[in-house]
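Here's the structure, in structure tokens; my notes come after.
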Amino acid sequence: MAMSDTISVENGTDIILAFLFAGGSRKTENEEIVGTTRLDKLIFLLAQETGLRKYLNDFSFEPYNFGPYSAGVFDAIQALENAGLVKVDTLDSEGYLDEADRYQIELQAGENVDSPKTTTVYSLTPEGMKVASALFNALSKQEQDELRALKIRFNSINLRKLLQYVYRKHPDYTTESKIRDYVF
2 MAMSDTISVE
12 NGTDIILAFL
22 FAGGSRKTEN
32 EEIVGTTRLD
42 KLIFLLAQET
52 GLRKYLNDFS
62 FEPYNFGPYS
72 AGVFDAIQAL
82 ENAGLVKVDT
92 LDSEGYLDEA
102 DRYQIELQAG
112 ENVDSPKTTT
122 VYSLTPEGMK
132 VASALFNALS
142 KQEQDELRAL
152 KIRFNSINLR
162 KLLQYVYRKH
172 PDYTTESKIR
182 DYVF
């Protein structure tokens, strides 16, 4: 991807990059997002509760097993990983408190909890940092603030608390949830 002075944010994939670039409560920039469920819910909240929704029309969210879900988010992440912009690591999840929640969730949903206890971590590659930084800086100050505020508020909280927020605020997206009783 050629870098030019006229880079602009055009779609949800660009927003994912800019969002990964944004700082959160632990780092001033490139704060990784831990867990696939968390990534999906954060992008959902950006689409529902911020002025960035105009960029996120390519992600249609629907009610699913764990609340709102968009296959488009994962297609975008896959494309970004293939392009060498996003690093997707699988880590032993012992260190992640919210993964304990995930196993509890899987247990509630009747899924196989003997699966290896790993979690997925999404972050930017060095090349991804360059592109994401340019995209982030192409956003208005207000849009940058919205990305940061949402990341600070939700990226480091317990997964169950994040799900509770999403489920309470957007009940239309929980109709197919296998874990609704657990979340509440």
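Each residue of the sequence shown is one higher than the last, beginning at 2 in this note's numbering. Heads up, the beta-carbon is just placed ideally off N, CA and C, and yes, glycines get one too.
Can you give me the Cβ contacts of V89 inside the same chain, cut-off strictly under 8 angstroms, excluding the 5 residues immediately before and after it?
Looking up residue 89 in the sequence shown gives position 88. So the qualifying residues of the chain are I78, E82, T121, V122 and Y123.
At which residue ranges does the stretch 15 to 90 contain complete beta strand (DSSP E) runs of 3 or more residues, listed in the order of the chain?
Runs of the beta strand (DSSP E) inside the stretch 15 to 90: 63 to 65 and 68 to 70.
Can you give the Cα-Cα distance for L57 and D93, rounded to whole angstroms?
Position 56 of the sequence shown, counted from the start, is the residue given in the question as residue 57. Position 92 of the sequence shown, counted from the start, is the residue given in the question as residue 93. Between L57 and D93, the C-alpha separation is close to 31 angstroms.
Going by C-alpha to C-alpha distance, which of G13, V35 and D15 sits closest to L160?
Along the sequence shown, read from residue 1 onward, the residue named residue 160 stands at position 159. Here the closest residue by C-alpha is V35.
Please determine whether the Cβ atom of K152 lies at a distance below 7 angstroms from any heavy atom of the ligand GDP.
In terms of ligand content, the structure shown is empty, and the ligand GDP therefore cannot be addressed.
What would DSSP say about L163, mapped onto helix, strand or coil?
The residue labelled residue 163 in the question sits at position 162 within the sequence shown. Reduced to three states, the DSSP call for L163 is helix.
Could you tell me which whole alpha helix (DSSP H) segments of length 4 or greater appear in the stretch 121 to 172?
The qualifying runs are 127 to 139, 142 to 155 and 160 to 170.
For E128 and L86, what's the separation of their Cα atoms in angstroms?
Start at 1 with the first residue of the sequence shown, and residue 128 comes out as number 127. Start at 1 with the first residue of the sequence shown, and residue 86 comes out as number 85. Distance between the alpha carbons of E128 and L86: 6 angstroms.
State the beta-bridge partners of T119 as determined by DSSP.
Locating residue 119 in the sequence shown gives position 118, counting from the first residue. In DSSP, T119 forms a bridge with D93.
Count the other CB atoms within 10 Å of the CB of G13; is the residue buried (16 or more) or exposed (fewer)?
For the purposes of this step, residue 13 is taken as the residue at position 12 of the sequence shown. Buried: at least 16 other Cβ atoms inside 10 Å.
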